[in-house]
Every structure is written in C-alpha cells, then in structure tokens.
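*Asks:* My numbering puts the first residue of the sequence shown at 12, with every later residue one more than the last.
We put the beta carbon where it would ideally sit given N, CA and C, even for glycine.
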Amino acid sequence: MTLFRPFTPTLPRGIDPRALQMWRVSTVLEAAIVATVILGLDVLIWVLTTDDDVQALFPWDGGWNLLPFWAKGLLVGEGVLFGLWFIFSFFVAPPLRQARFRFDLREGELEVESGIWTMQRRLIPYARIQHVDLHQGPVARLYGLSEVIVVTAAGHTSIPALPTAEAERLRDWIAQKAGISDAS
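Rendered as structure tokens:
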C-alpha cells in the first residue's frame, strides 16, 4: 500500500480518491433508510385518507383517485424532493467535497480548507489541540479509510477519507506536535 507524501509542513494534501465511492455508497444506504421511512408514512397516509381500505392498498387499481388533493401533492412533492436530494448527494456533492478539501501541516499550525457551498478555512495552532481521535465507520472500513478528528476547546475539525495507516501516522504526528503524550 502506498502512503501519501511524507509529512512536511510545506506540502498541502487532499483526500484519498476512494472517498468518492465511499461517500456514494453511504448515500445509497442513507437513501434506503429514508425511503423506507417515507414509504411507511406514505402507506399510512394512503390508508388514513381513503374510505375503502382494500382499494387504498392497491393504488394501481384506482386507489390514487380516492386520495384527497393535498395527499396527492404531498406524495408527489416528497418524491420530487427525495429525488433531487439523492441526485445532489450521489452525483454532485462527492466530487465537490473532494475537490474543495485540503489540509496543510505547517510549522506551528494545521490548516484545513473545506466546503461545498461556502469555503471554510481553519487555522489550528498545535498548542491549542487537546486531543486527536481516529474514526472509522462501517462503510469507511470496507474501503480501508479513516477520519482524523482534531479537538480544541473551541470545537473540532476533521480530515476525512485518509487511508487508515496514513490516518494513524497523521494522528500520531499531530499529537506529537501538540505535545499530547498518547493519541486517543
């Protein structure tokens, strides 16, 4: 496994190219959960707003015509919103997120730039870092990726989608620069 460039304070870095696929798989899993909840609520609306419960369960046999106008609008509207959210989250957001993220290990601070709609640039002095965490969810584990989370008194920031070995080295390097004896 090849690692990212060695840690030097002058080389800005991005995130692993596998992040695109990982984020897309996560989006599909999120969409499956959201769609299941929406479908359950839709069936409930369908049953509660029609007079004939048997026909309401079989919309392809005239059940759609039994729904009140507001229920039809709700069903169509949520379908359109869900579709737009999925298209954005699957096709648009991952490449933008990857292209607009970078971090730089400087002599006295960590610089992190990220954002899709608005760019954020955070400069975190190593002296302000309280602890450094490593996080790996189930989908990231499948791709061998991890996230480094840097915590200060003012909040936290993360460096997502790094190869796990690289993330461990980065966590240890930041912890050493911050004077933390044991990275969590």
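Return the residue from the list 33, 131, 28 and 25 that minimises the CA-CA distance to residue 147.
*Replies:* Closest option to residue 147, Cα to Cα, is 33.
*Asks:* From which residue to which residue does the beta strand (DSSP E) around residue 95 run?
*Replies:* From DSSP, residue 95 is part of no beta strand (DSSP E) but of the alpha helix (DSSP H) over 80 to 98.
*Asks:* Hey, out of 84, 161 and 112, whose CA is closest to residue 185's CA?
*Replies:* Cα-wise, what sits closest to residue 185 is 161.
*Asks:* Alpha carbons only, please: which of 127, 131, 119 and 132 is nearest the one belonging to residue 200?
*Replies:* This structure cannot settle anything about residue 200, because the visible part of the chain is limited to 12 through 195.
*Asks:* Would you tell me roughly how many angstroms separate the C-alpha atoms of residue 114 and residue 149, rounded to the nearest one?
*Replies:* Roughly 24 Å separates the two Cα atoms.
*Asks:* On the three-state DSSP scale, how would you describe residue 14?
*Replies:* Confidence is the limiting factor: at residue 14 the pLDDT is only 41, short of 50, which leaves the residue's position unreliable, though a coordinate-based value still follows. Three-state DSSP puts residue 14 in coil, outside helix and strand.
*Asks:* Quickly, what does DSSP pair residue 158 with across the bridge? List them, please.
*Replies:* Note: residue 158 sits in a beta bridge opposite 146.
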